[in-house]
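S.K.: Numbering (the working numbering), first residue to last: 94 to 352.
In structure tokens, the structure reads:
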């Protein structure tokens, strides 16, 4: 027998990405299956190298109740110099530094090297080897969004996952550790054997247009191949492809063009 677990994914900021970069980190417009499998495994207290085949075998779908919007956060870390603090002067740290550390009337100390870029001048002079440009970080977030995800699988597994969401072994977050959920993750269990059916009927207002993404075996013009079917996590994570299609609930003529 099978049934469906519903998971509420709502937070001020979420990130769901299939790729990560040192300087630029983007987000998908909806939660990925790989991320949700990892979240459920983490809730159960599984180790990063533990097997997740049972969770990954569940059928997955997700509905956008509030699609949210994208925001970009560009920042730098390290590089340059900073004014020497009184304690630095007291201990002679600034006074013992070479001349290139000093601006007119002001002593400055170098910021810790956090990047492997070419050295940059500090206070108009050439710094010693190892002092580098700032590390640039360019993040994109999904802001003020709310999703309802559905996992359909074996009764026993679904009950175990539901218990884990209600009593997680570790802190859970929506994409990154600084992004905790704003609402309880556990949203119920239904007797539906198809996650799309569960998402199409759940909710007080079933007439409002909402988009649903679901896994399919059909190859048609509306389907897309995405690589978020997890095989393993750990030091050498691996994901494989699955075919995804979309449908809508309610009057889709009113659906936003956000997607």
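Just so it is clear, CB atoms sit at the ideal spot from N, CA and C, and this is done for glycine as well. Just so it is clear, the structure is predicted and the values come from calculations on it, not from any experiment.
Could you compute how far the alpha carbon of residue 137 sits from the alpha carbon of residue 259?
M.R.: Position 44 of the chain shown holds residue 137. Position 166 of the chain shown holds residue 259. Residue 137 and residue 259: Cα-Cα distance of roughly 10 Å.
S.K.: In three-state DSSP terms, what is residue 108?
M.R.: The residue labelled residue 108 in the question sits at position 15 within the chain shown. Three-state DSSP puts residue 108 in coil, outside helix and strand.
S.K.: Can you tell me the Cβ-Cβ gap for residue 156 and residue 241, rounded? I've got them flagged as a contact below 8 Å.
M.R.: Numbered from its first residue, the chain shown carries residue 156 at position 63. Numbered from its first residue, the chain shown carries residue 241 at position 148. About 5 Å; that satisfies the 8 Å criterion.
S.K.: Just how far apart, CA to CA, sit residue 303 and residue 118?
M.R.: As a working mapping, residue 303 is identified with position 210 in the chain shown. As a working mapping, residue 118 is identified with position 25 in the chain shown. About 27 Å.
S.K.: Locate the beta strand (DSSP E) running through residue 323, then write down its first and last residues.
M.R.: Numbered from its first residue, the chain shown carries residue 323 at position 230. Note, residue 323: beta strand (DSSP E), 317–325.
S.K.: State whether the region 284–297 contacts the region 320–333, with contact taken as three or more CB pairs (one from each stretch) at a distance under 8 Å.
M.R.: Touching, no, given that fewer than three Cβ pairs across the two stretches are closer than 8 Å.
S.K.: By the three-class DSSP mapping on this structure, what secondary structure does residue 260 have?
M.R.: Here the question's residue 260 lines up with position 167 in the chain shown. Correct three-state label for residue 260: coil.
S.K.: If you compare alpha carbons, which of 162, 265, 251 is closest to residue 99?
M.R.: Taking the chain shown and counting its residues from 1, the one referred to as residue 99 is at position 6. Out of 162, 265, 251, 251 has the C-alpha closest to the C-alpha of residue 99.
S.K.: Taking the C-alpha atoms as reference points, what is the distance between residue 268 and residue 232?
M.R.: Reading the chain shown from its first residue, position 175 is the one you call residue 268. Reading the chain shown from its first residue, position 139 is the one you call residue 232. For residue 268 and residue 232, the distance between alpha carbons rounds to 12 Å.
S.K.: Cβ of residue 254 less than 9 Å from any chain B Cβ?
M.R.: Absence of chain B from the displayed structure is noted, only one protein chain being present.
S.K.: Taking its Cβ as the centre, do 16 or more other Cβ atoms sit within 10 Å of residue 161, making it buried, or is it exposed?
M.R.: The sequence position of residue 161 within the chain shown is 68, counting from 1. Label assigned to residue 161: buried.
S.K.: Suppose you measure from the CA of residue 140 to the CA of residue 159; what does that come to, to the nearest Å?
M.R.: In the chain shown, counting from the first residue as 1, residue 140 sits at position 47. In the chain shown, counting from the first residue as 1, residue 159 sits at position 66. Going from the Cα of residue 140 to the Cα of residue 159 covers about 32 Å.
S.K.: Taking only the alpha-carbon atoms, compute the straight-line gap between residue 245 and residue 276 and give it to the nearest angstrom.
M.R.: Translated into the one-based positions of the chain shown, residue 245 becomes position 152. Translated into the one-based positions of the chain shown, residue 276 becomes position 183. Taking the straight line from one Cα to the other gives about 21 Å.
S.K.: Of all the options 256, 274, 336, which has the alpha carbon lying nearest to the alpha carbon of residue 126?
M.R.: Sequence index remark: in the chain shown, residue 126 carries index 33 (1-based). Comparing Cα positions, the closest option is 336.
S.K.: Name the two residues that bound the continuous alpha helix (DSSP H) containing residue 131.
M.R.: Within the chain shown, residue 131 is the residue found at index 38, counting from 1. Its alpha helix (DSSP H) spans residues 126–136.
S.K.: Near residue 281, what residues of its chain come up, given a Cβ to Cβ distance below 7 Å and the 5 sequence neighbours on each side ignored?
M.R.: Numbered from its first residue, the chain shown carries residue 281 at position 188. So the list reads 99, once near-sequence residues are dropped.
S.K.: The alpha helix (DSSP H) that contains residue 121, what's its start and end?
M.R.: Looking up residue 121 in the chain shown gives position 28. No alpha helix (DSSP H) holds residue 121; DSSP gives it neither H nor E.
S.K.: Got a sec, what are the start and stop residues for the beta strand (DSSP E) residue 241 sits in?
M.R.: Translated into the one-based positions of the chain shown, residue 241 becomes position 148. Residues 228–247.
S.K.: Taking just the CA atoms, how far does residue 305 sit from residue 341?
M.R.: What you label residue 341 is simply residue 248 of the chain shown in a count that begins at 1. What you label residue 305 is simply residue 212 of the chain shown in a count that begins at 1. Rounded to whole angstroms, residue 341 to residue 305 spans 6 Å at the Cα level.
S.K.: Taking 9 Å as the threshold (C-beta atoms), are residue 134 and residue 143 in contact?
M.R.: The residue given as residue 143 occupies position 50 in the chain shown. The residue given as residue 134 occupies position 41 in the chain shown. Result yes, Cβ atoms of residue 143 and residue 134 sit closer than 9 Å.
S.K.: Apart from the five residues just before and just after residue 265, which ones in its own chain have a Cβ nearer than 7 Å to its Cβ?
M.R.: Position 172 of the chain shown, counted from the first residue, corresponds to residue 265. Correct list, in chain order: 132, 135, 136, 274, 278.
S.K.: Taking all protein chains shown into account, do 16 or more other C-beta atoms lie within 10 angstroms of the C-beta of residue 338, making it buried, or fewer, making it exposed?
M.R.: The residue you call residue 338 lines up with position 245 of the chain shown. Residue 338 is buried by the Cβ-count criterion.
S.K.: Cα separation between residue 262 and residue 312?
M.R.: Residue 262 sits at position 169 when you count from the first residue of the chain shown. Residue 312 sits at position 219 when you count from the first residue of the chain shown. Rounded to whole angstroms, residue 262 to residue 312 spans 39 Å at the Cα level.
S.K.: At the level of alpha carbons, what is the spacing between residue 329 and residue 301?
M.R.: By 1-based counting over the chain shown, the position of residue 329 is 236. By 1-based counting over the chain shown, the position of residue 301 is 208. Taking the straight line joining both Cα atoms gives about 42 Å.
S.K.: Quick one: residues in its chain with C-beta nearer than 7 Å to the C-beta of residue 247, no 5 flanking neighbours on either side, listed in chain order?
M.R.: Locating residue 247 in the chain shown gives position 154, where the first residue counts as 1. For residue 247, where only same-chain residues beyond five positions count, the Cβ hits under 7 Å are 95.
S.K.: In the DSSP output, what is residue 279 paired with across the bridge?
M.R.: On the chain shown, residue 279 is found 186 positions in, with the first residue counted as 1. According to DSSP, residue 279 bridges with 100.
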